[in-house]
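Report on one structure; see the data block that follows.
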Amino acid sequence: MNNGQIVKKTLMYIVLIVGLIFSLAPFYWIVIGATNPSGAILSSPPPFLPGGHLMENLRNLSDSINIFKSLFNSSAISVIFVVFSLLVCSAAGYAFAKYQFKGREVIFGVLLLAMMIPYQATIIPLFQLFSSLDWINTYRAVILPQMCYPFAIFLIRQNMKGLPDSLIEAARIDGGGELFIFFKIALPTMRPALAAVGIFLFTFQWNNFMWPLIVLTNESTYTLPVALSTIAGLGSVDYGQVMLGTAISIIPVLIVFLVLQKHFVSGILGGATKE
11 MNNGQIVKKT LMYIVLIVGL IFSLAPFYWI VIGATNPSGA ILSSPPPFLP
61 GGHLMENLRN LSDSINIFKS LFNSSAISVI FVVFSLLVCS AAGYAFAKYQ
111 FKGREVIFGV LLLAMMIPYQ ATIIPLFQLF SSLDWINTYR AVILPQMCYP
161 FAIFLIRQNM KGLPDSLIEA ARIDGGGELF IFFKIALPTM RPALAAVGIF
211 LFTFQWNNFM WPLIVLTNES TYTLPVALST IAGLGSVDYG QVMLGTAISI
261 IPVLIVFLVL QKHFVSGILG GATKE
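When we follow the working numbering, the leftmost residue of the sequence shown carries the number 11, and every step to the right adds one.
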């Protein structure tokens with residue numbers, strides 16, 4: 011290895027290390043805030059090492075909001091949403107990729123156009139709809155509106171196009187029904203794509219704030235983002251509680267990503283198949 015290559019590699023590592031530091035700095039600051047009292051966080055200079063007030067902040071957070079109930083609500087809503095959304099979106103993606111029917115491209119184009127509609131523009135009609143159904147303050151009202159997620163359908167469709175038609179035809183010749191082909195042949199081969207879509211869907215629903223804030227009216231049904239928003243009232247804000255609540259809200263997303271990360275990249279790249 012010559013001197014030029016050594017210098018180039020050294021500069022590359024320096025840039026990567028600097029980027030890593032800037033990427034991890036917010037998470038480190040959350041840990042600092044979660045383990046220190048609010049007064050220490052706002053002091054000058056602020057603390058740069060974890061403190062010993064983690065349990066005190068947790069007790070204060072539990073007194074301010076029902077943190078464990080909110081955590082359960084968010085977990086239940088997100089898991090149910092991911093399971094049913096994957097089923098609906100994978101079925102739609104499979105139909106768009108492998109079935110020939112009149113108006114297929116037009117319908118798919120309309121679906122893609124739906125991605126361009128601002129989410130805020132749908133809130134009033136959605137609220138009126140669920141209010142007429144008497145579904146306000148229920149899990150159904152949070153889960154159903156985004157269950158047919160256009161980006162998820164698009165990504166799964168692109169991956170499904172890579173599934174050989176000969177494999178499907180062979181299954182049909184052997185007497186396999188359409189449901190058998192979908193569940194036993196198509197879905198198992200799409201595990202990387204389903205994992206990638208699952209991460210997107212879980213992150214979206216876990217961080218969803220505006221719609222649950224509007225449709226959930228009882229504190230016992232609050233999701234974690236909505237419950238955390240109530241900490242910052244008109245009075246003083248306990249930033250130790252806020253930081254700890256933020257840290258707790260990040261942990262499930264990190265767990266889901268770490269569990270499914272080996273499928274994530276291949277699932278994303280699988281959507282790059284050419285028409």
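Ideal Cβ placement from N, Cα and C applies to all residues, glycine included.
Just so it is clear, the structure is predicted and the values come from calculations on it, not from any experiment.
Rounded to whole angstroms, the Cβ separation of A44 and L254 is 4 angstroms, and the two are in contact under 8 angstroms.
Here the stretch 91 to 98 lies against the stretch 153 to 169, with 3 or more beta-carbon pairs under 8 angstroms apart.
In the structure shown, M253 falls within a helical segment according to DSSP collapsed to helix, strand and coil. When secondary structure is reduced to three states using DSSP, M65 falls in the helix class.
Residue range 13 to 44 is occupied by the alpha helix (DSSP H) that includes T20.
For Y109, the secondary structure class from DSSP, reduced to helix, strand or coil, is coil. Within the same chain, P235 come within 7 angstroms of N217 by CB-CB distance, once the 5 residues on both sides are set aside. Distance check between P135 and each of G103, G61, W221 places W221 closest, using alpha-carbon atoms only. Listed in chain order, the non-local C-beta contacts of S100 below 6 angstroms within the same chain comprise I166, local neighbours out to five positions each way being set aside. Linking I24 to F91 through their CA atoms gives a straight-line distance of about 42 angstroms.
Less than 8 angstroms divides the Cβ of V41 from the Cβ of A257. For M65, the number of other beta carbons within 10 angstroms of its own is below 16, and it is reported as exposed.
For Q215, the enclosing alpha helix (DSSP H) begins and ends at 201 to 217.
Taking A102 as reference, the option from I31, M126, I87, F118 with the minimal CA-CA separation is F118. Boundaries of the alpha helix (DSSP H) around W221: 220 to 225. In this structure, the beta-carbon distance from V207 to A151 does not fall below 8 angstroms. When P174, L30, I261, K19 are compared, the shortest CA-CA separation from I191 is found for P174. Around the beta carbon of A205, 16 or more other beta carbons lie within 10 angstroms, which makes this residue buried. Judged by DSSP secondary structure, N147 falls outside any alpha helix (DSSP H); it is assigned neither H nor E.
M170 places its beta carbon less than 8 angstroms from that of K108. The stretch 222 to 234 and the stretch 135 to 150 touch, with three or more beta-carbon pairs separated by less than 8 angstroms.
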